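*Asks:* Protein chains in written order, with my numbering: chain A, 5 to 298; chain B, 148 to 441.
Glycine residues also receive a C-beta, built at the ideal position from the N, C-alpha and C atoms.
Quick caveat, the model's predicted, so the values are computed rather than measured.
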Amino acid sequence: MSGPMLRIENLTKTFPVRNAFGRISGEVTAVDNVSFSIEPGRVYGLAGESGSGKSTIARMIMGLTRPTAGEIFLDGLNITDAGSGRARRGKVQMVFQNPGSSLNARRTIGQSIAVPLEAHGHPRRDRARRIDELLEMVQLPAEFAERYPHELSGGQKQRVAIARALAMPPKLLVLDEPTSALDVSVQAKVIDLLVDLGGRLNLTFLFISHDLSLMRNFAQDVGVLYLGRMVEAGATAEVFEKPRHDYTKLLLASVPVMSAEEEAMRPALPLVDGELLTSDRLPAESNTSFERLE
Amino acid sequence: MTDATSVPQPRRLSNADQNWYRFTRNPTALIGAGIVILCILAAIFAPFITPYPEHVGAVVDFRSRHLPPSADYWFGTDNVGRDIFSRTIFGMRISLLLAVVVLGIAVPVGTILGLVAGYFGGWVDIIIMRITDIALAIPALVMALAVAAVLSPDLINAMLAIAGLWWTWHARLIYAITRQLRSQEFVEAAETLGAGKMHILFREILPNCVSALAVKTSLDCGFVIIVGASLSFLGLGIQPPTPDLGTMVASGSDFLPDYWWESVLPGCAILFVALGFILLGDGLRDLFDVEEVR
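Pasting the structure below:
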């Protein structure tokens, strides 16, 4: 294989801001000139707090939101302007944050998993067998195919969502906070499952999360987003050992730690005017504050 | 029942079982369902259960005219000596037929237009929903009167006139639900999995509209029956000698108050049928916890 699995160049997304009369009165930049690439077989972590634009990037990769500027290449194919669905030829799939809302409550687990099989013309006779196989792959019993989402726990539902995303095996799997809606005890199991499946199915991952301790274990490369900009990128170990950007330090300092060694490694908290800086506390014309932080 | 886990679990109740249990503990729904089933059975088996099925036609028996309710004639007799009870049961047939035909046209038309307008948005939305708004501004009864005045007053025209306006309510209901569901994660998930528009409209969104549709349709059966009876009362619906509840109330009202049973009892029959459907609809609304309808 040659070339990156996913290459993103100068990706920008702005949303219009409307006033009370529906007139466009300005715009917010959700994603600001972001570039990165993921090599095949790697796990790339995209870190940042809510509102940093990480989910918008995922939506643009999936074709659910159209970029304002920039380009997206998937396995060498330019998919910037392709809509969602078939244009991506099943090469990229996504696991959404909340399995409670990403599964249709009125359809059985089997029917939900069958959606990509139908869409990609998997032979009708073989679908039931394939659904059993997929459920087994995510370590769920085959009779779950007859159940409805509300009969499953959050972790089980997320496994179903993973099975569905892998029904027509993609090359890239986008994980948008796949464990943040789950109990801590379940999170690790889901991550273990993803690591296992990634190895077996030769997957490349884009792992989006605000949970840096999870990212440290799972991702090999990491990019840190702050207010839509990529403020730091590199190998996970390097970024986490020697964070160069103050915002990365802040994020790392916010991770709760368990042991004395970890506590010792914890960087000093960067404070601005004696307060932690978050995106919602920045004034609308945020450039000045941003520069000050840098 | 086979359970994957080693922990013994209580017997799994299917959705249908759970709904049935809640239904049987909802007095409104039960009474409504009882009335509706009674009316439907009476209408279907009218020739076998009525004491004088031949009185449906142009039978004249002047010796037994204007007889009050008695053991022989439960609802009394009319001005030409026909049994009002037999005619009321046959009249219910016409009322129910009207409701079935009108809603059989209005529900599918309204549902499809609402789904399409709500999901696709843009100019499709504008065109469909503005036509709906215009049609909504015309009362169904006025429209039916106009159609009956221009064409001939008969059952078919009355049905078409009512159906021609009734779909708007269903279109608006389904439109509102679809707009709300369109941006939900399970719809976006289906899009990214490659599902087609037809799949998303009819297999993802429509199943989530079913409970609201059931409530709305049940309530509407009652209202359509009332509109149909009103038309007949005004002499623009079903023509004599075919027995219709509205026509019977109108012709009996000439003999009020002395022979009160000739209009009051068929009027009570209208109330009974309509109330049955409306109670059932209200009961279903509580059962499904649907908020969108009325």
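1) Using 9 Å as the threshold, is the C-beta distance between A/VAL188 and A/ARG163 below it?
2) Could you check which residue in A/ARG46, A/PRO173 and A/LEU256 has the C-alpha nearest to that of A/PRO8?
3) I believe A/ALA185 touches A/GLN101 by the beta-carbon criterion, under 8 Å. Please report the beta-carbon distance rounded to the nearest angstrom.
4) For the segment 209-231 of chain A, which residues have a beta carbon sitting closer than 9 Å to at least one beta carbon of chain B?
5) What's the C-alpha gap between A/ALA257 and A/SER213?
6) If we count the other Cβ atoms within 10 Å of its Cβ and call it buried at 16 or more, is B/TRP313 buried or exposed?
7) Under three-state DSSP, which class holds A/LYS95?
8) Does the distance from the CB of B/GLU351 to the CB of A/ASN108 come in under 9 Å?
9) Grab the span of the alpha helix (DSSP H) containing A/ARG133 for me, first residue to last.
10) To which residues of the same chain is B/GLY257 closer than 6 Å at the C-beta, ignoring the five residues directly before and after it?
11) For B/TRP408, which residues of its own chain have a beta-carbon under 7 Å away from its beta-carbon, when the five flanking residues on both sides are left out?
12) Identify which residue in B/ILE347, B/GLU332 and B/PHE424 has its Cα closest to the Cα of A/MET98.
13) List the endpoints of the continuous beta strand (DSSP E) containing A/PHE40.
14) Look at B/ALA295 and B/ALA305 and say whether their C-beta atoms are less than 9 Å apart.
15) Is A/GLN160 buried or exposed, if buried means 16 or more other CB atoms sit within 10 Å of its CB?
16) Mind checking who A/ASN82 pairs with in its DSSP beta bridge?
17) Quick check on A/LEU107 - is its C-beta less than 9 Å from some C-beta in chain B?
18) Return no unless some Cβ of chain A is closer than 9 Å to the Cβ of B/VAL271.
19) Identify the contact partners of A/PRO120 in chain B, using a Cβ-Cβ distance below 7 Å as the criterion.
20) For A/GLN115 and chain B, any beta-carbon pair shorter than 9 Å?
21) Check whether chain A comes within 9 Å of B/ARG350, counting only Cβ atoms and requiring the distance to be less than that.
22) Check the Cβ-Cβ distances between B/PHE333 and every residue of chain A, and say whether any is below 9 Å.
23) With a threshold of 16 other CB atoms inside 10 Å of the CB of A/ALA165, please say whether the residue is buried or exposed.
24) Could you compute how far the alpha carbon of B/GLU338 sits from the alpha carbon of A/HIS124?
25) Note down, in chain order, each residue of its chain lying with its Cβ closer than 8 Å to the Cβ of A/VAL21, except the 5 sequence neighbours on either side.
26) Beta carbons nearer than 8 Å to chain B: which residues of the segment 189-207 of chain A have them?
27) Is the beta carbon of B/VAL411 less than 9 Å from the beta carbon of B/GLY430?
28) For B/ALA284, name the three-state secondary structure that DSSP assigns.
29) Check A/LYS4 in the structure and name its three-state DSSP category.
30) Can you give me the Cβ contacts of A/LEU216 inside the same chain, cut-off strictly under 7 Å, excluding the 5 residues immediately before and after it?
31) Report the residues of the segment 346-377 of chain B with a CB closer than 8 Å to any CB of chain A, ordered along the chain.
32) Quickly, what does DSSP pair A/LEU176 with across the bridge? List them, please.
*Replies:* This is what the structure gives:
1) Locating residue 188 of chain A in the first sequence gives position 184, where the first residue counts as 1. Locating residue 163 of chain A in the first sequence gives position 159, where the first residue counts as 1. No, they are not a contact pair.
2) Your numbering for residue 8 of chain A matches position 4 in the first sequence. Each of A/ARG46, A/PRO173 and A/LEU256 was checked against the Cα of A/PRO8, and the nearest Cα belongs to A/ARG46.
3) Translated into positions along the first sequence, residue 185 of chain A becomes position 181. Translated into positions along the first sequence, residue 101 of chain A becomes position 97. About 6 Å separates the two Cβ atoms, so the contact holds.
4) Per Cβ criterion, the list is empty.
5) The residue you call residue 257 of chain A lines up with position 253 of the first sequence. The residue you call residue 213 of chain A lines up with position 209 of the first sequence. Taking the straight line joining both Cα atoms gives about 16 Å.
6) Position 166 of the second sequence, counted from the start, is the residue given in the question as residue 313 of chain B. Residue environment analysis places B/TRP313 among the buried positions, since at least 16 neighbouring C-beta atoms fall within 10 angstroms of its C-beta.
7) Sequence index remark: in the first sequence, residue 95 of chain A carries index 91 (1-based). Here A/LYS95 sits in coil by DSSP.
8) For the purposes of this step, residue 351 of chain B is taken as the residue at position 204 of the second sequence. For the purposes of this step, residue 108 of chain A is taken as the residue at position 104 of the first sequence. In this structure, A/ASN108 lies closer than 9 Å to B/GLU351 by Cβ.
9) Taking the first sequence and counting its residues from 1, the one referred to as residue 133 of chain A is at position 129. Here the alpha helix (DSSP H) through A/ARG133 covers 131-141.
10) As a working note, residue 257 of chain B is residue 110 in the second sequence. Cβ neighbours of B/GLY257 within its own chain (closer than 6 Å, five residues either side excluded): TRP314, HIS317 and ALA318.
11) The residue you call residue 408 of chain B lines up with position 261 of the second sequence. Taken in chain order, the residues that qualify are PRO215, PRO216, PHE222, GLY223 and ILE231.
12) Against the first sequence, residue 98 of chain A aligns to sequence position 94. Among B/ILE347, B/GLU332 and B/PHE424, the Cα nearest to that of A/MET98 belongs to B/GLU332.
13) Start at 1 with the first residue of the first sequence, and residue 40 of chain A comes out as number 36. That run of the beta strand (DSSP E) goes 28-42.
14) Reading the second sequence from its first residue, position 148 is the one you call residue 295 of chain B. Reading the second sequence from its first residue, position 158 is the one you call residue 305 of chain B. The answer is yes: Cβ separation under 9 Å.
15) Translated into the one-based positions of the first sequence, residue 160 of chain A becomes position 156. By the neighbour-count definition (other C-beta atoms within 10 Å, threshold 16), A/GLN160 is a buried residue.
16) For the purposes of this step, residue 82 of chain A is identified with residue 78 of the first sequence, where counting begins at 1. In the DSSP assignment, A/ASN82 forms a beta bridge with A/PHE77.
17) Start at 1 with the first residue of the first sequence, and residue 107 of chain A comes out as number 103. Closer than 9 Å: yes.
18) Taking the first residue of the second sequence as 1, we reach residue 271 of chain B at position 124. Chain A, which has no Cβ nearer than 9 Å to the Cβ of B/VAL271, makes this no.
19) Locating residue 120 of chain A in the first sequence gives position 116, counting from the first residue. Chain B residues near A/PRO120: LEU340 and GLY341.
20) The count along the first sequence starts at 1 and reaches residue 115 of chain A at position 111. Output row for A/GLN115: interface = yes.
21) Translated into positions along the second sequence, residue 350 of chain B becomes position 203. At least one beta carbon of chain A lies nearer than 9 Å to the beta carbon of B/ARG350.
22) Within the second sequence, the letter at position 186 stands for residue 333 of chain B. For B/PHE333, a Cβ of chain A is located within less than 9 Å of the residue's own Cβ.
23) Counting from 1 along the first sequence, the entry for residue 165 of chain A is found at position 161. So A/ALA165 ends up on the buried side.
24) Stepping through the second sequence from its first residue, residue 338 of chain B is reached at position 191. Stepping through the first sequence from its first residue, residue 124 of chain A is reached at position 120. B/GLU338 and A/HIS124 have their C-alpha atoms spaced approximately 12 Å apart.
25) Position 17 of the first sequence, counted from the first residue, corresponds to residue 21 of chain A. Excluding positions up to five away in sequence, the list reads ILE28, SER29, GLY30, GLU31 and VAL32.
26) Under the 8 Å Cβ criterion, the segment 189-207 of chain A contributes no residue.
27) In the second sequence, the residue the question calls residue 411 of chain B occupies position 264. In the second sequence, the residue the question calls residue 430 of chain B occupies position 283. In this structure, the beta-carbon distance from B/VAL411 to B/GLY430 does not fall below 9 Å.
28) Start at 1 with the first residue of the second sequence, and residue 284 of chain B comes out as number 137. In the three-state reduction of the DSSP assignment, B/ALA284 falls in the coil class, being assigned neither a helical nor a strand state.
29) No answer is possible for residue 4 of chain A: the residues shown for chain A start at 5 and end at 298.
30) Locating residue 216 of chain A in the first sequence gives position 212, where the first residue counts as 1. For A/LEU216, where only same-chain residues beyond five positions count, the Cβ hits under 7 Å are ALA51, LEU255, LEU256 and VAL259.
31) Near chain A, meaning a CB-to-CB distance below 8 Å, the residues of the segment 346-377 of chain B are HIS346, ARG350, GLU351, PRO354, ASN355 and VAL357.
32) Mapped onto the first sequence, residue 176 of chain A falls at position 172. A/LEU176 is bridged by DSSP to A/VAL96 and A/THR208.
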